[in-house]
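Visitor:
Residue numbers (this note's numbering): -10 to 314.
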C-alpha cells in the first residue's frame, strides 16, 4: 500500500512564495486568479485555507475551475514544445518561436524534476507556458512509496512556483500504466493540464495504454512510438493519433531534427511535437582540469555546455509552419 500523503489536499493556489511566513489561516471564500496556457483560470475556495511549511492546504474544499479551451489546441495550427534544463535555454526557446517549454533537469537521464529555483526564475523571463517534469530519478518508472511522496511534494511546489502544466508517468512492474498512482497524481495536479511522458514508450501494450490515459484524464502523451526515435516509431505514432481521434494529443518526441521533422509531421498527422534543439557551447573557463569529471564517464565534458539553439528552434518552427499552417 502506497503512502497516501495528506488526503485533505484538494487544490493549490498560486501565491507569491516570498509572502509565506509560517502557519497561519487565511480568510474564507478566497478567489484566486491564475494564468494557464494563455487562458484565465479562476478558483474559488469555499472553506478555510491553511498555509503550512510553504504549502497551501484546502480543507473540506470544493474547487470549481473554469478551464481555458486552449489547453488542448495549438493557436497557430501547430505547437512546438522545447525541452530545456536552464534559464538560458528557456529564453532561447521562446526567442526561436517555441509555443511551450518542458522544464526539467538531468537531460542525460531523460529528464528529472528541476529545482524550484530554476522554475521561479524561468517564469520571470518567459511568457510562454512552462510545463514541469515530475520525475524523482532516472531509470525505470516503477516508484516506491517514498518516491511517490517526493513526486507529490514536487507537484505542490511546482504549482506554488508558477508551473503552467505538469509532466509525469508511472508504470506497474508488468509494464502497464499505474492507474492508481496516476489517478492520485492527476488529481493533485489539477487544475493544471497534465502530460504523460515517455514512460509510455516502455508500456507492454501502447494501444491499450492510450485508452487508459484517456480514462485518467491526461491531456497529452509524449512518445517516440515505443522505438529509439520518433522517426523509427513513426508507424505506431500515426496509429495512435488515428486511434485518439482528437480525444488526447499524441505528441511525437525523441530525436526530432530539421532533417526528419517534415517526414514525421507529414507521416503522422501530428499537430504538436517535442524537441530539444540543443547545440554545444564552449565553456568560458580559462583554467581547466581535464583529468576530473563531475559525472559518469559517458557524460559531457565539464567544459562543453549544451543549450537550446535559437537558430535550430527557428528552423524547426519554419518547417512546421510550412507543413501545418
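Think of the CB as a built atom: it goes at the ideal place given N, C-alpha and C, for glycine as much as any other residue. Fair warning: this is a prediction, and the values are worked out from it, not measured in the lab.
Between the C-alpha atoms of residue -1 and residue 176, what's the straight-line distance to the nearest angstrom?
Guide: Low local confidence applies: a pLDDT of 32 at residue -1 is under 50, so the model's placement there is unreliable, with the coordinate-based value given in what follows. So the alpha carbons of these two residues sit roughly 8 Å apart.
Visitor: Please list, in chain order, all residues of the same chain as residue 196 whose beta carbon is under 8 Å from its beta carbon, the five residues on each side excluded.
Guide: Taken in chain order, the residues that qualify are 228, 229, 232.
Visitor: Using alpha carbons as the reference points, say which of 124, 221, 92, 280 lies closest to residue 315.
Guide: Residue 315 lies beyond the range of the chain shown here (-10 to 314); nothing can be said about it.
Visitor: Check the C-beta distance from residue 211 over to residue 187 and give it rounded, since I have them as a contact under 8 Å.
Guide: Contact check for residue 211 and residue 187: beta-carbon distance about 5 Å, within the 8 Å limit, so the pair qualifies.
Visitor: List the DSSP bridge partners of residue 119.
Guide: 90
Visitor: With contact counted as at least three CB pairs below 8 Å, one residue from each stretch, are the stretch 219 to 227 and the stretch 270 to 285 in contact?
Guide: no
Visitor: Pull up the DSSP beta-bridge partners for residue 210, would you.
Guide: 185, 239
Visitor: Counting along the chain, where does the alpha helix (DSSP H) carrying residue 227 start and finish?
Guide: 223 to 233
Visitor: For chain B, check one thing: does any of its Cβ atoms lie closer than 9 Å to the Cβ of residue 124?
Guide: Absence of chain B from the displayed structure is noted, only one protein chain being present.
Visitor: Kindly indicate which residue of 75, 171, 131 has the alpha-carbon position closest to the one of residue 163.
Guide: Of 75, 171, 131, the smallest CA-CA separation from residue 163 is found for 131.
Visitor: State buried or exposed for residue 306, treating a residue as buried only when at least 16 other CB atoms are found within 10 Å of its CB.
Guide: Residue 306 comes out buried.
Visitor: For residue 180, does the count of other Cβ atoms within 10 angstroms reach 16, so buried, or fall short, so exposed?
Guide: By the neighbour-count rule (16 or more Cβ atoms within 10 Å), residue 180 is buried.
Visitor: For residue 105, collect the residues of the same chain with a Cβ closer than 6 Å to its Cβ; drop the 5 residues on either side in sequence, then sort them by chain order.
Guide: Within the same chain, and ignoring the five residues on either side of residue 105 in sequence, the residues whose Cβ sits closer than 6 Å to its Cβ are 146, 150.
Visitor: Would you list the one or two residues that DSSP bridges to residue 70?
Guide: 89, 263
Visitor: At the level of alpha carbons, what is the spacing between residue 154 and residue 127?
Guide: 21 Å
Visitor: Taking DSSP's pairing of strands, which residues face residue 276 in a bridge?
Guide: The partner list for residue 276 (beta bridge, DSSP) is empty, contrary to what the question assumes.
Visitor: Could you check whether residue 240 and residue 209 sit closer than 9 Å to each other, using their CB atoms as the reference points?
Guide: yes
Visitor: State the CB to CB distance for the pair residue 83 and residue 117, rounded to an integer number of angstroms; the pair is presumed to be in contact (CB under 8 Å).
Guide: 5 Å
Visitor: Using only alpha-carbon positions, find the residue among 310, 269, 242, 173 that is nearest to residue 293.
Guide: 269
Visitor: Could you give the DSSP three-state label for residue 304: helix, strand or coil?
Guide: helix
Visitor: What are the residues that DSSP puts in a beta bridge with residue 295?
Guide: 269
Visitor: By how many angstroms is the C-alpha of residue 273 removed from the C-alpha of residue 256?
Guide: 42 Å
Visitor: Short of 7 Å in beta carbon distance, which residues of its chain neighbour residue 89, apart from the five on each side in sequence? Order them along the chain.
Guide: 68, 70, 117, 118, 120
Visitor: Of the residues 301, 300, 221, 296, which one's Cα is nearest the Cα of residue 320?
Guide: Beyond the ends of the chain as shown, which are -10 and 314, falls residue 320; an answer cannot be given.
Visitor: Grouping DSSP H, G and I as helix and E and B as strand, with all else coil, what is residue 245?
Guide: Of the three classes helix, strand and coil, the one that applies to residue 245 here is coil, per DSSP.
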